[in-house]
Each structure stands twice: as structure tokens, then as C-alpha cells.
Ligand SMILES: NC(=O)c1ccc[n+]([C@@H]2O[C@H](COP(=O)([O-])OP(=O)(O)OC[C@H]3O[C@@H](n4cnc5c(N)ncnc54)[C@H](O)[C@@H]3O)[C@@H](O)[C@H]2O)c1
Ligand SMILES: NC(=O)c1ccc[n+]([C@@H]2O[C@H](COP(=O)([O-])OP(=O)(O)OC[C@H]3O[C@@H](n4cnc5c(N)ncnc54)[C@H](O)[C@@H]3O)[C@@H](O)[C@H]2O)c1
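Chains as they are written, first to last, in the numbering used here: chain A, 1 to 207; chain B, 1 to 207.
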């Protein structure tokens, strides 16, 4: 496995390549890649050496080849069917987001407990009852899930997702979830992000 | 300044204390704090030693005192007035989120360029025209902003926010933004989160 800090930067290099591709560039320098990831050029060269990708001094990296390497390393040749659990405020926004589909992550089913939401649609995706979760996850070969439910039910939701065959979870609920070691779980905690900004703001004030 | 990895964990220790407070605990162990932050107990003790917080062997940390230390270090005694720029799908979800207000981050104004949205409200917060941004940011002493606009306009939006006096930005648009060194900017990129999950999924398959 690559170091997590490296893994987090690979998608940013991919985005830099997409921008370079728009301008029909044949090569891209480590400096240009570095600007997209907020690191220095030496870190870029180190990250890419893990993939066996080496640039040419003074010219940089072949954009086509590097893109292929990065997509392979990130497992992006595969498309993913994604479940959205919780069709509330945040869930509806996630269901509308075209950025997921563009990158091969297709929200193919949503789930909720609220009878007023079940049977509805978010941007063409049907909202099922959470009672149908196991059947729909298996029928639609869903392996990834976005959890946008209240924190109090997040653990039981993740347990039923894992039981049904989901192996990757992006959790938005402010709760620490326990999963088996072979399940990948990432957490986005927006309140924590603002508290981190507050730390840097307060350090500026006390300088 | 503390190491960034430490700064990211402090809000998680604060959340652990909130949970412990609900159960009327007078002390909390480093193991319990570690479980909330996904690290080991030694890392917790190291992080807290930066704040001059030391637990008692076998008993742990005084919950009241530690909470005060953490809130002070994170600058949370201050309340923040926050601007929301972009009142679209994501912006509306962010405007509804009670988790911000509960922690002292108050969304006091929203901004958009779409005439159909201007003059409307998100959960009691008025949506202004982006032309009024400088005036409203100053009038309402706004120092923090959530940017939920398309990527193409994110840089110009941040420039006008900074000019009006905002010093901290949480950016959701998939764009690399340039700001002066005294401005704090954090980025949440949900598509990158899914690509990271895809990396770990693909490494599992190739084991
Ligand atoms: N809205 C935001 O911008 C935002 C920001 C950060 C974090 N979050 C977190 O995301 C989660 C969702 O937030 P929200 O604002 O969308 O809340 P919400 O109340 O609008 O939506 C939650 C949805 O989950 C559904 N639900 C409840 N129990 C369920 C279960 N067992 N299975 C499936 N669905 C269930 C509810 O019926 C509701 O539709 C919360 O944990 C919140 O803390 C939200
Ligand atoms: N919806 C999601 O779940 C989600 C997830 C990840 C990232 N994002 C990112 O967040 C941003 C917003 O996404 P969305 O789904 O809400 O899009 P959206 O199109 O629904 O909303 C964007 C809003 O920004 C407004 N806007 C455009 N130019 C503006 C300007 N100069 N000043 C102020 N407002 C302006 C538009 O009128 C619109 O209301 C995008 O950059 C998107 O890539 C969204």
C-alpha cells in the first residue's frame, strides 16, 4: 500500500492532467502537478516514483501515459455503483452532484426511512425504503455507499450495508463507526473543518 | 503552530468529551479519546502535551479542564459569522445544517448571482445578490465563508471575499485557489474522497 498522504494527492494530479488535457499539452512538469496538489515538485516526483512513473529532466511527464498510470493505480478503470443512504438535505445535494458520475461513481439507488421520501426520485434515482436495502444492493451490484443519515443510526446503517456486500463507505454523519478491517471507510466532517479554520484564525490573532 | 495532523484531531477529542459529558463522566482516559480520533493512546498523550494538558496515570484527564483547554486552543470561545456563497444544491444543504450553529459558526448571509434565488431565504438566512457581498460582509462582521459555487468562478468569489475582510474559507468547488499566506483555506473535495476509496478497493482486489 502507498502512504495515505500520497494516495490523497494522486486524484489531484489526475485533475491537473485533466486541465492540461483541455489545453492539448503532451507533457506536464512536476511543478505544474505540484501547484494542483499544494506540495513541492520534489514531493510529486517521489509520489509518482511509487507508481514507477518517471519524468524526463527538463521536459516532465508524458500526459497520456501518466494519466493511464494514475487511473490504474486508483482503480478507476472500473465503474462503481453507489448507494445513497439518507435522502435529506445533504443526501439530495449529493444525489444531484454530476461530479460523481463524471468520474465513474454512479448513484444507482437511494434509501430512507421517511415514508414521505420513499418512492420519490433524486435526479432520476429512486428512493427505496431502507427495508429493501439488502435486496437492492445485491440486485444492482452496489459496492460503495454515501451515508447521510443522522449520527444516531449511522452504525446500524453501515452494518446493514456491509452485510449486503458494500465494501467502501463515505460517511458524513458525525459518528465514529466500527467496521471490519477489510472495509474502507472515510469520513467527511464539515464541522471539524470549520473548527480547524478557527484554530488557524485564532493563532493569527495571538501572534 | 501545532502540526496539522494534531490540529485535525483536536476537534475529535472535543467531540469525545461532549459524548463523555452526556454521561456525566468526570474524567476521560487517553484510550477513550483515541477511539474517537482513530489513533492510539500514545498519540493522544503527545497531542495533548502540546497544549500543556497532562492526564494522571491510571485516571486520565479531567473532562472539564480538558474541554476548556481544547476550546481555547481551537479559538472556539469566539463566535463566527459565516457567509455562504452559492445557494444551489450544496449551498442549500449547508444552510440547513444545524451542526454549524451548535458549534458557534452562524451562517448570517448567503449570496448568489441567480435572480431567481436572490431575495429568497435558506432556513431564515437571506440570499443576497453577489453584488452586495462587500457591503453585507462588512455590515455583519463576517470573517469566514463557505464557497459552494461552480469551480470556474471560485477564484473570483474568494478574491472578493478576502477584499471584504474574510480571512477563512472552506471551499467545496473542485478548483485550486490562490490566496495570500495570511488567509486560511481548506478544501473539501468529495470526488477525491471517492477516488481514495477506489484506491483501497482496488488494492484489496489485487492482493
Ligand atoms: N446538511 C449538511 O450540510 C451537513 C453537513 C455536514 C454534516 N451533515 C451530516 O449529514 C447527515 C445528514 O444531514 P442532513 O442535513 O441531510 O439531515 P436530514 O435530517 O435533512 O436528513 C437525514 C435523512 O436521513 C433519514 N434517515 C433517518 N434514519 C434513517 C435510517 N435508519 N436509514 C435511512 N435513512 C434514515 C431521514 O429520514 C432524513 O431524510 C447528518 O448526520 C448531519 O450531521 C450534514
Ligand atoms: N452538490 C454536491 O453534493 C457537491 C458535492 C461536491 C462538490 N460540489 C461542488 O460544490 C459546488 C456547488 O455545487 P452544487 O451542486 O450546489 O451546484 P449548483 O449549480 O446547484 O449551485 C451553484 C450555485 O452557485 C451560483 N453561482 C454561480 N456563479 C456564482 C457567483 N459568481 N457568485 C455566487 N454564486 C454563484 C449558481 O447560481 C448556483 O445557485 C460545485 O463547485 C460542485 O462541484 C457539490
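All C-beta atoms, glycine included, are put in the ideal place defined by N, C-alpha and C.
| Item | Value |
| --- | --- |
| Does DSSP put residue 74 of chain B in a helix, a strand or coil? | coil |
| Please classify residue 117 of chain A as buried or exposed, where buried requires at least 16 other C-beta atoms within 10 Å of its C-beta. | buried |
| Is any non-hydrogen atom of ligand 2 found closer than 7 Å to the C-beta of residue 8 of chain B, if you look at the structure I gave you? | no |
| Relative to the alpha-carbon of residue 60 of chain A, which residue among A:81, A:78, A:47 and A:26 has its alpha-carbon at the smallest distance? | A:26 |
| Quick check on residue 64 of chain B: does DSSP put it in helix, strand or coil? | helix |
| Taking only the alpha-carbon atoms, compute the straight-line gap between residue 205 of chain B and residue 100 of chain A and give it to the nearest angstrom. | 22 Å |
| Just mark residue 112 of chain B as buried or exposed, buried being the case when its beta carbon has 16 or more other beta carbons within 10 Å. | buried |
| Measure the alpha-carbon distance for residue 197 of chain A versus residue 142 of chain B and round it to whole angstroms. | 14 Å |
| My parser needs the alpha helix (DSSP H) runs of 4 or more residues fully inside the region 130-189 of chain A; what are they? | 133-139 and 151-164 |
| Give a single yes or no on whether residue 109 of chain A has its beta carbon closer than 7 Å to a heavy atom of ligand 3. | Here the bound small molecules are ligand 1 and ligand 2; ligand 3 is not part of this structure. |
| Along chain A, which residues have their Cβ under 7 Å away from the Cβ of residue 131 of chain B? | Ordered by position in chain A, no residue passes the 7 Å Cβ test against residue 131 of chain B, which lies about 25 Å from the chain. |
| Which residue marks the beginning of the alpha helix (DSSP H) containing residue 14 of chain A, and which one marks its end? | 4-22 |
| According to DSSP, is residue 85 of chain A part of a helix, a strand, or is it coil? | strand |
| Would residue 8 of chain A pass as an interface residue toward chain B - the criterion being a Cβ-Cβ separation below 8 Å? | yes |
| Counting only Cβ pairs nearer than 7 Å, list the residues of chain A close to residue 105 of chain B. | 194 |
| Tell me which same chain residues have a C-beta within less than 7 Å of the C-beta of residue 30 of chain A, skipping the five on either side of it? | 41, 44, 45, 55 and 60 |
| Looking at C-beta atoms only, is the number of pairs between the region 156-173 of chain A and the region 187-194 of chain A that lie closer than 8 Å three or more? | yes |
| Terminal residues of the continuous beta strand (DSSP E) containing residue 108 of chain A? | 105-112 |
| By DSSP's criteria, residue 127 of chain B is part of a beta bridge. Which residues make up the other side? | B:110 |
| From the DSSP output, which residues share a beta bridge with residue 80 of chain B? | B:105 |
| Which of the three DSSP states is assigned to residue 59 of chain B in this structure? | coil |
| What residue from B:76, B:155 and B:184 has the CA that sits closest to residue 177 of chain B's CA? | B:155 |
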